[in-house]
Ligand SMILES: Cc1ncc(COP(=O)(O)O)c(C=O)c1O
C-alpha cells in the first residue's frame, strides 16, 4: 500500500474529534494487519493536506498512537508502525490467482492473440504522450468517433485495403463485439427479434454477443470458402442480416470467390438483407493477394464492413470501426448517437496519432514478417504429414489442423497437461457435427515457443507413419 492510500475517512458531523477519528482508524488498521510493522506513515503535513485538516490534528493523533505504542517516531526519519510482539497483525490475505488466467509458463495458442510488440514501440508511447497532452478532456468524445480517428482509419483503409472511404461513413466502435451490439440495437428499432444468418462453423463470440443483444441466430453450413449464393437462393425464410467472413472464413480460413460475393450482394439487394462483412484480419495476407472487400463492390445492397484493432494492434484496446453506407448507415449512426460511444476519447486520439505517424503500418509490416515466419514453421513441422490437413494459412494469425484420429478434445487436454493451450474446432460449430481438428493461434507465441508446441502436438496426433511418431516424441526430450 502506498502512503497516500491510508484507509481514513472522516465524519465532520460526528461528535468525536477529528484527531480521535484519525487515531482510532489508524489503530484499527494496525490491529487488523492492513498497516504492517515498519510501514512508513506519510509526513504529518502531507497527510493533513490529503485529509483536508490541520496539521495539528494529525500530530495529536500520531502522538496518541505513539503513546499507546502503536507508532514509533524516528525524528527526521518520519513515523512508522511499531513492531509489537503482542499484536498478532494478520497480513492482508493474498488474492488467489484467478482460475481463468493461464499458468505463466503455458504456451498459449488460443487464436486471436496478436504479437504483443506495439506496446514496446516508441511511436506508440509518443502517440499516447500527444493524446494525453491534448485539450478537450472536459468534454464527451463525439458519439461516432473523433474526426482525427475517423480520418486516420479512412487513410489506413486506403493504404492497407485499397478502400476509398469517406471518413463520414466511419463509426468508431469498441471492437467487433460492440459493433455487433450496435447493429442488433439498430435492427431492433424495426423488429423485436431480428434474425441474423451466420456461417457454421463461425465466430462463437459473434453468436453469443448478438444473441445476448436480442437477435435470433440462424446458421448456414459452410466449408472453408464460406457462403455460396446457391445456399442463399435456397433459403425459405429471409433473415434481416447476414454475417460473413469473406476474406478469411473464420475459422477454416478460405475465402469467398468474387462470383459468390457478387451473388451475395444481388441476393441481399433483392431481399433487403443487411450484409455484415467481418474483415477482421485482412491486413495479414501471406500467400495470395486479397480480393476486393464485399463493401467495395458496386451494389445497392446495404453493406457494413466491421474492422478491428484487435488483430493488427491489440484486443486489450477494445477499439475498432464500422464502414457504413446506405440507409442502414444512416440508421446505425442515429442509433450510435442515441446510445453514445463506449470508446474513450484519449484512446481514439492515441490510435489516430499512431496511424498518422506511420506507426500502425510499420507495426503491421513487422508483425506480418513475424507471422509469415511462424506460418512457415507450421508448414515445415506439420505440412508433410499425410494424416493431417493444414488450412487457414493464406493469411491471418491462426492455422487449422484437421485429422481423423485421435479426438481433438483429447489432444487439447493432453497438450494442456504438457503446457500447450490449443482450442478444438468443436466450439466454432453451432448446429452441425464438428470436424475433428484444432485451431492454432500463432500470433503471440515466440518462434521458440511455437516450435516446442508443434513438437508436442505433432507427437500427440497419432499418425500412420509410426517412425515419425517416434521421431517426434524423441524430439521432446
Ligand atoms: C472472426 C473474428 N472477428 C472479429 C474479431 C475481433 O473482435 P473484437 O474486435 O471484438 O476484439 C475476432 C477476434 O478474435 C475474430 O476472431
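Numbering (the numbering used here), first residue to last: 4 to 480. From the three backbone atoms N, C-alpha and C, an ideal C-beta is built for every residue, glycine too.
Query - Any heavy atom of ligand 1 within less than 5 Å of residue CB: hits in chain order - result: So the residues near ligand 1 by this Cβ test are 115, 178, 179, 180, 206, 253, 281, 283, 311, 313, 318 and 323.
Report task. Note down the Cα distance separating residue 392 from residue 171, rounded to an integer number of angstroms. Result -> Cα to Cα, residue 392 sits roughly 44 Å from residue 171.
Requested in this report: May I ask you to report which of helix, strand or coil DSSP gives residue 176?
Outcome: DSSP places residue 176 within a strand segment (E or B) once states are collapsed to three.
**Report entry** Residue of 112, 70 and 22 minimising C-alpha distance to residue 63
**Finding:** Nearest option by C-alpha distance: 22.
Query raised in the report: Where do the N-terminal and C-terminal ends of the beta strand (DSSP E) with residue 199 fall, by residue?
Result: Per DSSP, residue 199 belongs to the beta strand (DSSP E) from 198 to 203.
Query raised in the report: How long is the line joining the alpha carbons of residue 443 and residue 185, rounded to whole angstroms?
Result: Counting only the Cα atoms, residue 185 lies some 30 Å from residue 443.
Query raised in the report: Using 8 Å as the threshold, is the stretch 442 to 456 in touch with the stretch 359 to 378, meaning 3 or more CB pairs across them?
Result: Segments in contact, yes.
Query - Residues near residue 353 by beta carbon distance below 6 Å, same chain, minus five either side - result: Result list for residue 353: 130, 131 and 134, in chain order.
Query raised in the report: What is the DSSP secondary structure of residue 214, counted as helix, strand or coil?
Result: Note: residue 214 maps to helix in three-state DSSP.
Requested in this report: Specify whether the stretch 336 to 349 and the stretch 71 to 84 touch according to this definition: at least 3 beta carbon pairs, one from each stretch, less than 8 Å apart.
Outcome: Because the criterion of three Cβ pairs below 8 Å is not met, the stretch 336 to 349 and the stretch 71 to 84 do not touch.
Query - Cutoff 7 Å; reference residue 227; Cβ partners in own chain excluding five residues on either side - result: Closer than 7 Å at Cβ, skipping near neighbours: 252, 255, 256, 257 and 394.
Query - 9 Å Cβ cutoff met for residue 173 and residue 139 - result: Residue 173 is not a Cβ neighbour of residue 139, given a cutoff of 9 Å.
Query - Cα-Cα separation between residue 422 and residue 26, rounded to whole angstroms - result: Within the model, the alpha-carbon separation for residue 422 versus residue 26 is close to 51 Å.
Report task. Tell me whether residue 357 sits in a helix, a strand or coil according to DSSP, three-state version. Result -> Looking at residue 357 - three-state DSSP - the assignment turns out to be helix.
Query raised in the report: Which residue comes first and which comes last in the beta strand (DSSP E) that contains residue 71?
Result: Neither: residue 71 is in no beta strand (DSSP E) and is coded neither H nor E.
Report task. Kindly indicate which residue of 24, 31 and 176 has the alpha-carbon position closest to the one of residue 342. Result -> Residue nearest to residue 342 within the set 24, 31 and 176 is 176 (criterion: CA-CA distance).
**Report entry** C-alpha gap between residue 285 and residue 464, whole angstroms
**Finding:** Distance from the CA atom of residue 285 to the CA atom of residue 464, rounded to whole angstroms, is 30 Å.
**Report entry** Contact between the stretch 238 to 246 and the stretch 267 to 276 (3+ Cβ pairs under 8 Å)
**Finding:** Three or more beta-carbon pairs drawn from the stretch 238 to 246 and the stretch 267 to 276 are found closer than 8 Å, and the two stretches are therefore classed as touching.
Query raised in the report: Which residues share a DSSP beta bridge with residue 43?
Result: For residue 43, which the question treats as bridged, DSSP gives the partners 83.
**Report entry** Assigned exposure category for residue 108 - 16 Cβ within 10 Å defines buried
**Finding:** Its Cβ having fewer than 16 others within 10 Å, residue 108 is exposed.
Requested in this report: Starting from residue 160, trace the alpha helix (DSSP H) both ways and give me its first and last residue.
Outcome: Residue 160 -> alpha helix (DSSP H) spans 150 to 164.
Requested in this report: Report the partner residues of residue 431 according to the DSSP bridge assignment.
Outcome: Answer is none; residue 431 lacks a bridge partner.
Requested in this report: Counting only the same chain and skipping the five closest in sequence on each side, list residues whose C-beta sits under 6 Å from that of residue 153.
Outcome: Counting only Cβ-Cβ distances below 6 Å, and skipping sequence neighbours, we find 170 and 173.
Query raised in the report: Would residue 381 be called buried (16 or more neighbouring beta carbons within 10 Å of its own) or exposed?
Result: Answer is buried; the Cβ neighbour count reaches 16.
**Report entry** Simplified DSSP state of residue 208, which is helix, strand or coil
**Finding:** Helix, per DSSP.
Report task. Could you have a look at residue 88 and say whether DSSP puts it in helix, strand or coil? Result -> Residue state for residue 88 is assigned as coil, using DSSP reduced to three classes.
Requested in this report: Pull up the DSSP beta-bridge partners for residue 247, would you.
Outcome: Answer is 280, bridged to residue 247.
Query raised in the report: What are the start and end residues of the alpha helix (DSSP H) that includes residue 373?
Result: Segment 362 to 385, the alpha helix (DSSP H) holding residue 373.
Query - Cβ neighbour criterion (16 or more within 10 Å) applied to residue 319 - result: With fewer than 16 other Cβ atoms inside 10 Å of its own Cβ, residue 319 counts as exposed.
Query raised in the report: residue 456 and residue 190: beta carbons closer than 9 Å?
Result: Taking 9 Å as the Cβ cut-off, residue 456 and residue 190 do not qualify as a contacting pair.
Requested in this report: Would you tell me roughly how many angstroms separate the C-alpha atoms of residue 460 and residue 181, rounded to the nearest one?
Outcome: Spanning the alpha carbons of residue 460 and residue 181 requires a straight line of approximately 35 Å.
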